[in-house]
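Structure record follows, encoded as structure tokens.
In full-length UniProt numbering, the protein residues as written are 1 to 112.
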């Protein structure tokens, strides 16, 4: 089965990351790179997204489409990246998500 793991940052996580010194930040990034390396056999694609303030949103909810700068929803969680994985089942996808070393929220969706 194919799933997408969407990694969401919270305001608290972003604040903690910004407060880290260079060595702490390096260690955090190394943990992420190690996670990708350890799970490379299951990951078919992944990407880190540009910050939410760089987003452009097209709203299609009635009338003419409206294009605005910024994310669609103002929220406390922002998707910052994703990994497409091919695993046996949802349990295996959950195991991967539970081992993610960074953002505190991982949303899992099957690929249709």
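The C-beta atom is built at its ideal place from N, Cα and C for all residues, glycine as well.
Values in this document were obtained by computation on a predicted structure and should not be read as measured data.
In terms of Cβ geometry, residue 57 and residue 44 do not form a close pair [threshold 8 Å]. Straight-line spacing of the CA atoms in residue 21 and residue 85 works out to 32 Å. Per DSSP, residue 77 lies in no alpha helix (DSSP H) segment; the continuous beta strand (DSSP E) that holds it begins and ends at 77-86.
The beta carbon of residue 13 is closer than 7 Å to those of 103 and 104 in its chain, skipping five residues each way along the sequence. Relative to residue 2, the option among 25, 36, 42 and 47 whose CA is nearest is 42.
DSSP lists 56 as the beta-bridge partner residues of residue 69. Counting along the chain, residue 5 sits inside the beta strand (DSSP E) bounded by residues 2-10. Runs of the beta strand (DSSP E) lying entirely within the region 23-50 and spanning at least 3 residues, in chain order: 43-48.
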